[in-house]
Structure formats: C-alpha cells, structure tokens
C-alpha cells in the first residue's frame with residue numbers, strides 16, 4: 001500500500017466569500033460605526049478600535065486558514081526579503097505626500113475638508129490623542145486592513161476558485177473598489193486620493209505576493225497624513 005498524504009482541503013467558494021464578507025461587516029463596518037455613534041473618539045477608544053480590528057481580522061483569517069490547512073504564507077505573511085519590501089513600501093510615501101498636500105487636499109477644501117476635520121478631531125489638543133490617532137492609523141489601517149483587503153482578499157479568496165488567475169484579477173478589482181468605498185470619500189479629490197491609496201497597496205501586494213511592502217506603505221502613509229494635517233491645518 002502507498003503511504004497516504006494529507007493535502008490542504010480545497011476552500012469552499014461560498015464559505016470563503018461568506019467568511020470574507022462577514023469579517024468586513026464585523027471589523028471594518030460595525031466596529032467603526034459603534035465608535036462613531038457611542039464614543040467621543042478619545043485616545044483610549046481609538047486604541048481599542050485599532051486592537052479590535054486587528055484581533056478580529058487575525059481571528060477571521062486564521063480560522064479560514066486553519067479550516068483549509070493553509071499556512072499564513074497563503075495570505076502573504078512572509079518575512080522573505082522584508083528589508084527590500086519595507087524600503088519599497090516606504091518609497092511610495094513621499095510622492096503621495098506631494099500629490100495629497102500639494103494638490104488633492106487643497107482642491108478638497110483644505111482645512112474645511114471632512115477628512116482633515118476628522119483627523120483634527122481625533123488628534124485633539126494633547127499628546128495622548130495624537131498617540132491614539134497614530135495607533136488607529138498604523139495598526140487598524142496599516143496592519144489590519146492590509147491583512148484583510150490585500151492578504152485575505154487578493155491572496156486567499158482566489159484559492160477557493162477553480163480558475164485562480166481570473167479569480168485573482170477579480171479580487172484585485174474588488175479590493176480597490178471596496179477599500180475605497182468603505183472610506184466614504186465625500187468629493188472627487190477624496191475619491192482620487194483613496195483610489196490612489198488602494199492602487200498603491202494592491203500593486204505592492206501583487207508585485208511581491210507578500211504583505212510587508214503594502215503594510216509599510218500604508219502605516220507610514222497614515223502616520224504621514226496625520227502629521228501633515230497637523231503641520232498644515234492644526
């Protein structure tokens with residue numbers, strides 16, 4: 001008799017899509033909505049939101065990976081060439097800052113722009129508020145969102161489909177559109193801004209098949225955006 005081998009179970013398409021959608025609803029819709037409605041956006045609340053999004057994303061993705069006997073590399077959690085990937089991600093920040101603060105934010109109203117006002121409201125007038133805003137932007141945004149919208153959606157979900165190449169192409173489009181839509185852009189410059197962000201992070205992930213570059217790009221950008229808004233409009 002030939003020795004048996006254990007192969008990873010083929011993910012179910014319906015279950016995979018349902019898992020992804022459920023995670024989006026819980027981590028990236030319900031939690032922020034609860035914070036908006038029932039809190040004053042204090043620094044402790046922002047930190048809890050960031051931790052909640054990260055823990056929720058890790059639990060959903062981890063459950064899906066275990067269920068299908070897949071390792072974390074399936075969603076791009078791979079330290080290979082991490083220094084190069086980190087530098088690649090960091091290199092996207094300066095040109096985006098020039099575009100954002102030189103063109104898009106002024107076109108969107110400058111200090112009166114809704115996103116600028118949200119940053120100023122979250123940061124408040126003390127150091128702890130700044131820490132809370134940075135943690136939310138870098139952990140809830142830079143890490144949790146990249147794990148979910150790039151790692152899980154683009155790297156993991158296509159594995160449930162027979163034609164993985166086509167599924168991955170569809171996942172790339174969905175990743176860009178859904179990520180942009182969930183940020184609720186209020187005007188054309190805001191739409192351009194979030195689409196540029198989504199495209200940058202998605203291209204970094206598809207080019208490397210690893211999360212390091214998009215995570216570094218995202219968390220550094222969020223930190224840069226907060227500091228830039230404070231410097232120009234605070």
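In full-length UniProt numbering, the protein residues as written are 1 to 234.
Ideal Cβ placement from N, Cα and C applies to all residues, glycine included.
With 16 as the cutoff for other CB atoms within 10 Å, does residue i come out buried or exposed?
{"i": "residue 175", "result": "buried"}
{"i": "residue 159", "result": "buried"}
{"i": "residue 180", "result": "buried"}
{"i": "residue 16", "result": "buried"}
{"i": "residue 113", "result": "buried"}
{"i": "residue 126", "result": "exposed"}
{"i": "residue 128", "result": "exposed"}
{"i": "residue 80", "result": "exposed"}
{"i": "residue 93", "result": "buried"}
{"i": "residue 235", "result": "Nothing about residue 235 can be read from this structure; the chain reaches only from 1 to 234."}
Return the chain-ordered list of same chain residues with a C-beta closer than 6 Å to the C-beta of residue i, the five sequence neighbours on each side being excluded.
{"i": "residue 23", "result": "60"}
{"i": "residue 183", "result": "194"}
In terms of alpha-carbon separation, which member of the options lies closest to residue i?
{"i": "residue 147", "options": "229, 168, 202", "result": "202"}
{"i": "residue 155", "options": "64, 55, 116, 30", "result": "64"}
{"i": "residue 87", "options": "211, 230, 234", "result": "211"}
{"i": "residue 67", "options": "11, 31, 230", "result": "11"}
{"i": "residue 46", "options": "58, 121, 196", "result": "121"}
{"i": "residue 192", "options": "228, 101, 220, 170", "result": "101"}
{"i": "residue 145", "options": "57, 14, 33, 234", "result": "57"}
{"i": "residue 75", "options": "104, 234, 208", "result": "208"}
{"i": "residue 40", "options": "169, 133, 71, 98", "result": "133"}
{"i": "residue 77", "options": "215, 36, 124, 30", "result": "215"}
DSSP three-state call for residue i: helix, strand or coil?
{"i": "residue 186", "result": "coil"}
{"i": "residue 41", "result": "coil"}
{"i": "residue 108", "result": "coil"}
{"i": "residue 218", "result": "helix"}
{"i": "residue 175", "result": "helix"}
{"i": "residue 2", "result": "Interpretation of residue 2 is limited by its pLDDT of 48, a score under 50 that renders its predicted location unreliable; the figure taken from the coordinates is listed afterwards. Correct three-state label for residue 2: coil."}
{"i": "residue 249", "result": "Residue 249 is absent from the model: the chain starts at 1 and stops at 234."}
{"i": "residue 209", "result": "coil"}
{"i": "residue 11", "result": "coil"}
{"i": "residue 85", "result": "helix"}
Apart from the five residues just before and just after residue i, which ones in its own chain have a Cβ nearer than 7 Å to its Cβ?
{"i": "residue 140", "result": "49, 50, 53, 54"}
{"i": "residue 206", "result": "154, 172"}
{"i": "residue 199", "result": "176"}
{"i": "residue 224", "result": "93, 97"}
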